[in-house]
Structures are given as C-alpha cells and as structure tokens.
Amino acid sequence: MDNREKILTSALDLFYARGYDAVGIRQIVDAAGLTKPTMYYYFGSKRGLLDALLGEQYEKLEQCIDRAAVYNGDFPETLFLVAEAFFRFASENRKVYSFMLALFYTGQENEGHKAVEPLISRYYRKITGLFEAAASELGNMNGRQKQFALGFQGLLDMTFLRLRSQTPEQEAIVLDEKQIRGIVKQFMYGIYS
43 MDNREKILTS ALDLFYARGY DAVGIRQIVD AAGLTKPTMY YYFGSKRGLL
93 DALLGEQYEK LEQCIDRAAV YNGDFPETLF LVAEAFFRFA SENRKVYSFM
143 LALFYTGQEN EGHKAVEPLI SRYYRKITGL FEAAASELGN MNGRQKQFAL
193 GFQGLLDMTF LRLRSQTPEQ EAIVLDEKQI RGIVKQFMYG IYS
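Position in the sequence shown counted from 1, then plus 42, gives you our numbering.
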C-alpha cells in the first residue's frame, strides 16, 4: 500500500469511527504512520482529503449502479438489478456508505455535508432517470418520478442502515436474491396501488 492509500485508509477508518469533524490531520497521519507534509503533498488539506476519499469511493458506487440501471422494458427486474448492485456495494463498502450517509444527514453548512451532497444528488438523478425511462410502463406515475425515486432510494438506505445496526462489524451484511426481490416487490406494490 502506498502512502496515499495509507492516508485514505486511515482517514476512512477514523472518519467512520468518530465522524469527520472529530478527527484531525495529526490523528490521520499518526494512524497511517506518516507525517503532515506527506498528507498535504497528496491532498492539500483535510477537505481535499475528504473530497478525494468521497470522489474515489463514489465512482465505485456509480459504476455498480450504471451497470445495473439499464432499463430494458421490465421495470421490476431493472429495480431488482439496481437494488442488488446497491446492496452489494453498501455491504462490501460498509464504512464508506455509512460515512456518506452520516455526512449527508449533518447540517447543510457542515463541510462534510457540502462535500457529499453533490455526489448524493448525482446518484439520486441517476435513480430518477430510471423512473423517467419507465414512465410509460407505470401509467400512474403522473409526473411523480422524483417522488418514486426518493421513496425507492429511501427504502434501500433504510434497509441497509437497519441491517448494519443488526450485524456485527466483523460480519458481512447479507441479503439474498429472495430478500432483495421482496424489497422491490413491496416497493412496486406501493406504486401500483
């Protein structure tokens, strides 16, 4: 692992455990076994470090979702593929996704919120685009694509958060195909009713 990776890994571990605002540069570089000048060389500032960490991790999430979010005329199946990709990413990257959500729910003037909000909004636009593509299949959508996208993502996030709180840190969060299909079916039932 190179110095840049050591800093990113240490920062994620500390930010996840204590929160962005509670962690200083000294703690990060000490945990990485490096010096402040090394961190400043790679990232310029604590915010630069945060932006790099979030940006790199978000790209991984976006790639997972982009591969799954191809509407092929079968909306429930497309939502299943998106949900499956989301849960795979969130489970394999538990610290990252938990940290992103924590930042999103902080105050709007908080530096962490300002860093993550554009990424969460970009992700939401992708999910909304999926609902817009399926508007003809879902006749009762009636311009509520954004509302449905928000409800779908909220269901996925809340399911992840509940499972995370019920699963010890050292164990993987596991959802099988049947469970994910059940979540999508529940969501679709709400749309069709």
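Just so you know, even glycine gets a beta-carbon here, dropped at the ideal spot from N, CA and C.
Simplified DSSP assignment, three categories, for residue i
i	result
residue 203	helix
residue 177	coil
residue 59	helix
residue 226	helix
residue 44	coil
residue 90	helix
residue 291	Missing from the structure shown is residue 291; the chain here goes from 43 to 235 and no further.
residue 172	helix
residue 218	coil
residue 76	coil
Selection from the options that minimises the alpha carbon distance to residue i
i	options	result
residue 229	210, 196, 212 and 209	196
residue 225	205, 212 and 198	198
residue 215	81, 94, 130 and 223	130
residue 151	63, 58 and 55	63
residue 206	55, 134 and 90	134
residue 73	54, 89 and 61	54
residue 43	76, 56, 220 and 177	76
Indicate whether the contact test is met: 3 or more Cβ pairs, each with one atom in the region 185 to 195 and one in the region 160 to 172, closer than 8 Å.
-> Contact between the region 185 to 195 and the region 160 to 172 is present, because at least three Cβ pairs lie under 8 Å.
Segments assigned alpha helix (DSSP H), at least 4 residues, entirely inside the region 108 to 163 = Counting only runs of 4 or more, we get 117 to 134 and 136 to 146.
Using 8 Å as the threshold, is the region 206 to 218 in touch with the region 106 to 118, meaning 3 or more CB pairs across them?
-> Too few Cβ pairs lie closer than 8 Å, so no.
Stretch-stretch touch, CB-based, cutoff 8 Å, three pairs: the region 129 to 149 with the region 69 to 85 | No, because fewer than three Cβ pairs between the region 129 to 149 and the region 69 to 85 fall closer than 8 Å, the two stretches do not touch.
Counting pairs of beta carbons, one from the region 109 to 123 and one from the region 56 to 76, are three or more of them closer than 8 Å?
-> Below 8 Å, too few C-beta pairs join the region 109 to 123 and the region 56 to 76 to call them touching: fewer than three.
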